[in-house]
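Structure below.
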C-alpha cells in the first residue's frame, strides 16, 4: 500500500495465490493487462522462425543481411516510438486507453504482415506491430503495479514477464505447426492478431488504474475499484494514503498536469530512479538477450545444425526454458528480492556467454576441410572462388561459407559430416542435389562436434537470464518512480530499452560477419560485467516497500550495497514512519 510499510516475507508467493483464490478480480486485472506481455513475447519469438522462410520466399532478403536485420529491427524502431508516445498517452488518457490503442495497432500490423506481397510492405507491417508492442511493453507492468496490493506487487508484475516468455514459447510452437503449411511465415505472423483482439475485448470490460483516477481528481471511481482490490480492513488506509500522496505532490509541485524534462532531472529522487531504471533497461538488451530470441534458430545453425525444422525445434527448448525461468521469478521475486536476483542472474549470464564464446571459437577454427575430390563430384556446381583460389588446399568449410561472389555453401561428406566435403554454389538446385545424395547442406554454420556445447551454453544463458534480468527491470521500473512521474519515467525507460534493442538487433548479424560469432558473444560478456557493477552500485532493493520508502531510499542514497544482508527491521520501521 502507498505509505504503509508492508514486509514482504517468504510467504509472499503463497499470499499471491491465496489472494487470487479469495479475490480473483485482482488476478483477472493482472492477466488481462499481461496479455500485452504476451504480444511482446510472441513478436520477439515469431520473427526468428519466420525469417528462415521469408528468406526462402524473397531471394533479395536471403542475399542481403541488412534486409534481414531491417525486417527484425523495424518492429523495434516502431516500438521506440510506441514507448515514447506511450508515456505521454498513459499520463494524459490513462493506462487502459493506452493498452487499447496498442492492441489496435498490433492487430493492423499483423494483418499487413500476413498479406505482404513484398519485403517493403512486410517492413511496414512490422512498424505497426512495433508501435503496439512499444506501448504495451511499458503500460502493462505499470497498470498491474498500480492495481496490485504492495505485498504481492512483485509477484503480480512478474506475471507480465511470465506472459512475455510464454508468448515466445507459443511463437515457437506456432512456427513448428506451420512449417509444412502453404504460406508458412504468413500464418506465423498473422496469428499474432488473435491475442491483440482478445486483450482489446477484455480491457473494454476492465476499469482504469485507480491511482491514475486519483491523480485526475476522479476519486469516487478510484474508491470503487480499490474496494474491489483490497480487503475491507485495508481499503480505507490505502485510500487515505493515496489521497495524501497526491495532495502532497500537488502542494509541492503546484501543478498536477505539466511535467518538463528539466523538472525530472532537477528532482533528486526522480533522477536517481531514472539512472537505475533506464540503466537496467539498457543493460537488459546489451547483455544480448534478443540476439538469442530474434536469432536463436540462426545461432543454432551457426553451431552446425543444418535443418530449418531442427533449428526451430531446438529453439523451442530455449523458449521453454525462458518461460520456466519467468515462473521461477514469480516465486522468488518477493522472497529473495529484486537486487539479489539481478546479481545471481548476471553472474550466470557472464559464465554462459564465456562458454558460448569459447565454443564458437572452436567451431569456426576446427571446421571440416574442403575436398577437391568431393567438390569435383558435383560438376558445374563448384564455387567459383574455390576454383580460382591459389591455396585451395587450405580451404575449410568456414572459408567456403564466407565466399560472396556468388554465395557458396558446404555439402558435407556422405560418410561423416565432420570429414572433408564439397564447396559449391549456394542455390536451390545445388541444395536439392546435395540432399538427393543424403548429404547435409550448410550455408550459415559448419558441421561441428561442439554443436551440443553451443546449445548447452544457450540453455544456461536463458536459465540464468530469465528469472533476473528478464523480469526484474520491468518490475523495478513499475515501482521506483513517484506517482506523479511514473508514466513519463516509465516511457523514458521503455524507450531506452527499445533503442538498445534496435542497436543489438540491427548489428548482431553484421557483427558476426565482421568479427565472428565468438568475439560477438565475448563483447556481450564484457558488457554483462559492467552491468553487474552497475547493479551493485545504482540499483536499490525495493522488495515489499511502499513507494514513499523507495523515494526515501533514493533521497538518502541508501542503496543497500551489501545486498546479501537483510535490512534491519528497526531501520525499516523507522523509514516507514
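Numbering (this note's numbering), first residue to last: 474 to 1050.
We put the CB at the ideal spot given by N, CA and C, even for glycine.
Quick caveat, the model's predicted, so the values are computed rather than measured.
Beta-carbon contacts of residue i that lie in its chain and below 8 Å, excluding the five residues immediately before and after
i	result
residue 439	This structure leaves residue 439 out entirely; the chain is present only between 474 and 1050.
residue 794	932, 935, 936 and 939
residue 676	505, 506, 569, 572, 573 and 576
residue 654	660
residue 674	none
residue 977	758, 759, 761, 763 and 764
residue 643	511, 514, 515 and 518
8 Å contact criterion, which residue i and residue j should meet: CB distance rounded
i	j	result
residue 764	residue 981	5 Å
residue 791	residue 935	6 Å
residue 1001	residue 823	5 Å
residue 525	residue 592	Between residue 592 and residue 525 the Cβ distance is about 15 Å, and since that is not below 8 Å, they are no contact.
residue 567	residue 711	So it is not a contact: roughly 20 Å between Cβ atoms.
residue 902	residue 634	Their Cβ separation, rounded to whole angstroms, is 46 Å, which puts residue 902 and residue 634 out of contact at 8 Å.
residue 661	residue 798	Actually they are not in contact, since the Cβ atoms of residue 661 and residue 798 sit about 24 Å apart, beyond 8 Å.
residue 796	residue 639	5 Å
residue 964	residue 685	With a Cβ gap of about 14 Å, residue 964 and residue 685 do not count as contacting.
residue 606	residue 555	7 Å
residue 760	residue 928	With 8 Å as the limit, residue 760 and residue 928 do not qualify as a contact, their Cβ atoms being about 19 Å apart.
Cβ pair residue i, residue j closer than 8 Å
i	j	result
residue 803	residue 631	yes
residue 571	residue 582	no
residue 513	residue 609	yes
residue 589	residue 663	no
residue 968	residue 553	yes
residue 549	residue 925	no
residue 520	residue 672	no
residue 615	residue 621	no
residue 641	residue 973	no
residue 833	residue 994	yes
residue 1064	residue 916	Residue 1064 lies beyond the range of the chain shown here (474 to 1050); nothing can be said about it.
residue 884	residue 907	yes
residue 750	residue 962	yes
Counterpart residues of residue i in DSSP-defined beta bridges
i	result
residue 898	881
residue 414	The structure shown has nothing for residue 414, since the chain only spans 474 to 1050.
residue 786	For residue 786, which the question treats as bridged, DSSP gives no partner whatsoever.
residue 842	869
residue 855	897
Beta-carbon contacts of residue i that lie in its chain and below 6 Å, excluding the five residues immediately before and after
i	result
residue 848	855, 895 and 896
residue 904	914
residue 737	743
residue 851	895 and 897
residue 1005	819
residue 748	1011
residue 880	899
residue 891	841 and 920
residue 1042	Confidence at residue 1042 is low in this model, with a pLDDT of 46, below 50, so its placement is unreliable and no value can be given for it.
residue 687	695, 715 and 719
residue 705	none
residue 745	1027
residue 651	657, 660 and 661
residue 510	613, 633, 636 and 637
Limits of the unbroken alpha helix (DSSP H) element including residue i
i	result
residue 872	870-874
residue 607	592-619
residue 695	692-702
residue 997	990-1011
residue 810	Note, residue 810: premise wrong, no alpha helix (DSSP H); not H, not E.
residue 742	741-759
residue 920	Looking at the DSSP string, residue 920 is not in any alpha helix (DSSP H), and its letter there is neither H nor E.
residue 568	568-587
residue 942	Premise fails: residue 942 is in no alpha helix (DSSP H) and is neither H nor E.
residue 499	497-530
residue 622	Residue 622 -> no alpha helix (DSSP H), and no H or E assigned at all.
residue 683	683-688
residue 656	From DSSP, residue 656 is part of no alpha helix (DSSP H); its letter is neither H nor E.
residue 677	666-677
Nonlocal neighbours in the same chain, by C-beta distance under 7 Å from residue i, ignoring five residues either side
i	result
residue 1015	811, 949, 952, 953 and 1023
residue 805	814 and 940
residue 1061	What the structure shows of the chain is the stretch from 474 to 1050, and residue 1061 is not part of that stretch, so it cannot be assessed.
residue 975	546, 549, 550 and 553
residue 699	683, 708, 711 and 712
residue 827	998
Residue i Cβ short of 7 Å to the ligand SAM heavy atom set
i	result
residue 816	The ligand SAM is absent from the structure shown, which contains no ligand whatsoever.
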